[in-house]
Every structure is written in C-alpha cells, then in structure tokens.
Amino acid sequence: MIQENLSRVRATVAEGVRLVAVSKTKPVGDLQEAYSAGQRLFGENKALEMRDKHEQLPKDIEWHFIGHLQTNKVKYIAGFVSLIHSIDSLALLQAVEKEAVKHDRVIDCLLQFHIATEETKFGLDMEEARALLDEVRQHAEAFSHVRIVGVMGMATNTDDRDLIRREFRTLKGVFDALRSSYFDGAESFCEISMGMSGDYLIAQEEGSTLVRVGSAIFGARNYAVPLND
Ligand SMILES: *Cc1c(COP(=O)(O)O)cnc(C)c1O
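One point on numbering: in the numbering used here, the residue at position 223 of the sequence shown is 313, and numbering is uninterrupted.
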C-alpha cells in the first residue's frame, strides 16, 4: 500500500522538486516500507520521535524536521538532522547554533513564514524575519554553525484553491525579496518548502522545491494515540 502510494505520488512530483515523506505518528515499519521503495528523505515534527526513528533506521536517511521546535528539544536532533524547516524565532536559531557547535556541524535551516489566514499556524511575518536577519547579519560570527537556505510555509486548510495559490505566491515573493536583499543572490539560499498532500500540485506550480507529503503516502494519521513528545 505504502509502496503503491509512493509511486503514485512520485509520478506527480515535478522535476527539481524533492519529496519529503512525512512519517510523523507512523510506526518504524511504515518508514522501512518506504525506505525499501527507495525513499531516503523523511519529515518528522516531534524531536524525540525523530531521534528514536533515526536510531532504528538506516543511516543514509536524510531527516527533515518540519514542526514547531522547542529550544530545549533541539539537542535531540542536532547530531543528525539535515534540514530544520521551522525556524520561527531568533531564540530558536540561537539554540540550533549552540547545539550545532557541540556536534561540530553546520545545520541548514529554513525560515518559517505565516502565510495562512488561520491564527494557529506558526511562523514569521516579513517584519519579524527582517529583524531576525538583521541580527544574524550583525553578529555573523555568532551564527557560524547555522545556514539559512530558504523559506517554508503552510497554506490555509481550505477547499479554496485560489486562496491557497495566492498564499504560495506570497511565500515565493518573500523568498525572492530575501534572496535579492539579505542573501545577495547566494546560490545556497535556494529552498522553498511548500505543499502537503492536499495542495502540493499547486505549490509546485508556484515554485516549491520541497513538498512535504504525509497522508497521501502513509494514509490518514490517528491522533488518538498519545505521543511520547
Ligand atoms: C503533517 C505535516 C505535513 C504533511 O501533511 P499531509 O497533509 O499529511 O500531507 C506537512 N507539513 C507539515 C508542517 C506537517 O506538520
């Protein structure tokens, strides 16, 4: 089932777009099945859950952290995470820097923007992002173990395709603006993480480079089971 879903999704992922298989809440066996089908990029949104899965699965998996991350949980993932999609405060970026130093690594990060109409979704607005980036620029030596490589956002959970498209277009605009200003066209600033099971086709049309697809691959999630994180 997972392998079939995966091939169906893969067939629709556009060239130049990477597929993050979002395996949150799913048992290790499900990830193994996707791994056997060639999937090497997985997304999780709880630090302890990701750490446990990392310990149990092959080491050539690329782990992306995609959810709200508390500063005191960064330590669980700093040794192996490939990309943190969800930097939404200077304090979090500082916490990532601190843990990255301990592991002698540079950790790639995305700035998460609030683009949806819902209040509940985390993320920065342009003013907050500029304040954060000003701080990073003025104290570059204090951020030498983190690298901001792009932006991430979640569209409103709605059937209104036009609204979703407008929100993705907004995020692409944010990316372009930051790339030409703060990042001076740097090639390392190249990722736009947008699109989930219900809207990744639209996201791709609007310039996504990373789509985060969960339920279309692994099936619906059961949140009734309490999680250990
Ligand atoms: C759960 C989650 C996804 C995947 O959602 P699906 O609708 O199951 O594809 C993508 N991004 C984030 C940030 C998530 O938390």
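All C-beta atoms, glycine included, are put in the ideal place defined by N, C-alpha and C.
When secondary structure is reduced to three states using DSSP, leucine 183 falls in the helix class. In the structure shown, the three-state DSSP call for aspartate 250 is coil.
Looking from the CA of alanine 168, the closest CA among Ser179, Arg251 and Val191 belongs to Val191. The alpha carbon of threonine 115 has as its nearest neighbour, out of Ile177, Asp142 and Val226, the alpha carbon of Asp142.
Contact check for asparagine 247 against glutamate 296 fails: the beta carbons are separated by 8 Å or more. Counting the other CB atoms within 10 Å of its CB gives serine 113 a total of 16 or more, which places it among the buried residues. For leucine 201, the secondary structure class from DSSP, reduced to helix, strand or coil, is strand. In this structure the segment 240–259 touches the segment 286–293; the number of beta carbon pairs closer than 8 Å is three or more. Checking the 7 Å criterion, the Cβ of methionine 140 is out of range of every heavy atom belonging to ligand 1.
Within the model, the alpha-carbon separation for phenylalanine 265 versus aspartate 215 is close to 12 Å. According to the DSSP secondary-structure assignment, leucine 300 is paired through a beta bridge with Arg108 and Ser283.
Short note on arginine 100: C-beta not closer than 7 Å to any heavy atom of ligand 1. Of the residues assessed, methionine 91 falls on the exposed side of the cut-off, its CB having fewer than 16 other CB atoms within 10 angstroms.
Closer than 7 Å to some heavy atom of ligand 1: that does not describe the Cβ of isoleucine 167. The C-beta separation of valine 107 from serine 298 comes to about 6 Å, placing the pair in contact by the 8 Å criterion. The straight-line gap separating the alpha-carbon atoms of leucine 222 and glutamate 94 is approximately 42 Å. Closest by C-alpha distance to arginine 259, out of Glu277, Ala276 and Gly285, is Gly285. With 16 or more other CB atoms across the displayed protein chains lying within 10 angstroms of its CB, valine 236 is buried.
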